[in-house]
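Undergrad: In this text, residue positions in the sequence shown follow my numbering: the first is 43, and each later residue adds one. We put the CB at the ideal spot given by N, CA and C, even for glycine.
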Amino acid sequence: MPTPHNTAVPEDFGKTVLMPGDPLRSKYIAETFLQDAKLVNNVRGVNGYTGLWKGVPVTVMASGMGMPAIGIYSWELFNFYNVENIIRIGSAGGIRDDLQLMDIVAAQAACTDSNYLANFGLKGTFAPIADFTLLSAAIEAAKERGTELKVGNILSSDHFYYPEGGDCTDQWKRMGVLATEMESAALYANAAYAGKRALCLCTISDHLYREEALSPEERQTSFHRMMEIALDTAVRMENLGK
43 MPTPHNTAVP
53 EDFGKTVLMP
63 GDPLRSKYIA
73 ETFLQDAKLV
83 NNVRGVNGYT
93 GLWKGVPVTV
103 MASGMGMPAI
113 GIYSWELFNF
123 YNVENIIRIG
133 SAGGIRDDLQ
143 LMDIVAAQAA
153 CTDSNYLANF
163 GLKGTFAPIA
173 DFTLLSAAIE
183 AAKERGTELK
193 VGNILSSDHF
203 YYPEGGDCTD
213 QWKRMGVLAT
223 EMESAALYAN
233 AAYAGKRALC
243 LCTISDHLYR
253 EEALSPEERQ
263 TSFHRMMEIA
273 LDTAVRMENL
283 GK
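Dropping the structure here:
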């Protein structure tokens, strides 16, 4: 059952897929954490691996950058490959003042400035939210590792750069948005449409109101706490039979 973007068969995937944006981060996670990891997809260099974490089959596959990219890959995984849970694990820019570099945000919901949701033909405004069971499992997995997740609303934006006068970050901050990234609203909408589960965990890699940021190498290799929490969440979901 290959698709234009995936040469695997459904049996190649675990019930839960972790999705970093960066294909090199996918490779790093597989080589660092998974036992007996096997490359199951590499179309366009979007590395996908399946291996074992604590005896449970888990897949890690890159999503690429932005909502159109994760929209394609998550749609195929949910609808063609029998994947039940997708956990996006990425980086985000902090907006709220109390967030520090390396804090981990769990996106309870995802605001967006994208037109992606118009694809569903709704006569109103859809609110993209995380699956509660998946979010609860991640919170408990984090507690077991002594980590407090910062849970709240994030912004999924189509924009990394803004023309003069186009940046509305102050308004999003006023509404309590924690951080900004570029994928989760599309992922949450696809999960809702497919009747599946999705969650976004992001590590704060920079702050939009302070001159501080992680290097590209640090973004690729230093998010171990987030990666382990996501892997432990996959195990919890397997134990719940979900």
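To which residues does DSSP link Glu186 through a beta bridge?
TA: Paired residues: none, contrary to the question.
Undergrad: Per DSSP, what are the beta-bridge partners of Cys210 in this structure?
TA: Answer is none; Cys210 lacks a bridge partner.
Undergrad: Look at the Cβ atom of Arg239, then the Cβ atom of Asp173, and state whether they are nearer than 8 Å.
TA: Result yes, Cβ atoms of Arg239 and Asp173 sit closer than 8 Å.
Undergrad: Quick check: what's the CA-CA separation for Asn84 versus Asn48?
TA: So the alpha carbons of these two residues sit roughly 7 Å apart.
Undergrad: Measure the alpha-carbon distance for Gly218 versus Met109 and round it to whole angstroms.
TA: So the two alpha carbons sit approximately 22 Å from each other.
Undergrad: Could you give the first and the last residue of the continuous beta strand (DSSP E) run that contains Glu253?
TA: First-last for Glu253: undefined, no H or E at that position.
Undergrad: Among Asn157, Ala228, Ala148, whose alpha-carbon lies nearest the alpha-carbon of Met269?
TA: It is Ala148.
Undergrad: Which residues in the same chain as Arg267 place their Cβ atom closer than 6 Å to its Cβ, once the five residues preceding and following it in sequence are excluded?
TA: Thr189, listed in sequence order.
Undergrad: Using DSSP with H/G/I as helix, E/B as strand and the rest coil, what is Ala104?
TA: In the structure shown, Ala104 sits in coil (DSSP, three-state: anything other than H, G, I, E or B).
Undergrad: With DSSP collapsed to three states, give me the class of Ala231.
TA: In the structure shown, Ala231 sits in a helix (DSSP, three-state: H, G or I).
Undergrad: Within the same chain, show all residues whose beta-carbon is closer than 8 Å to that of Trp214, passing over the 5 residues directly before and after it, in chain order.
TA: Ile137, Cys153, Leu197, Thr222.
Undergrad: Could you spell out the range, first to last residue, of the beta strand (DSSP E) harbouring Arg130?
TA: Note, Arg130: beta strand (DSSP E), 127 to 136.
Undergrad: Among residues of its own chain, excluding the 5 on either side of Glu186, which ones have a beta-carbon nearer than 8 Å to its beta-carbon?
TA: Only Asp274 meet the Cβ criterion.
Undergrad: I'd like to confirm the pairing. Which residues does DSSP put opposite Ala149 in its beta bridges?
TA: Gly194.
Undergrad: By DSSP, does Pro110 sit in helix, in strand, or in coil?
TA: Three-state DSSP puts Pro110 in a helix.
Undergrad: With H, G and I counted as helix, E and B as strand and the rest as coil, what does DSSP make of Leu17?
TA: The displayed coordinates of the chain run from 43 to 284. Any statement about residue 17 would go beyond what the structure contains.
Undergrad: What's the gap between the Cα of Ala272 and the Cα of Ala231?
TA: Near 20 Å, if we compare the C-alpha coordinates of Ala231 and Ala272.
Undergrad: With a 10 Å radius around its C-beta and 16 neighbouring C-beta atoms as the bar for buried, classify Ala183 as buried or exposed.
TA: Buried.
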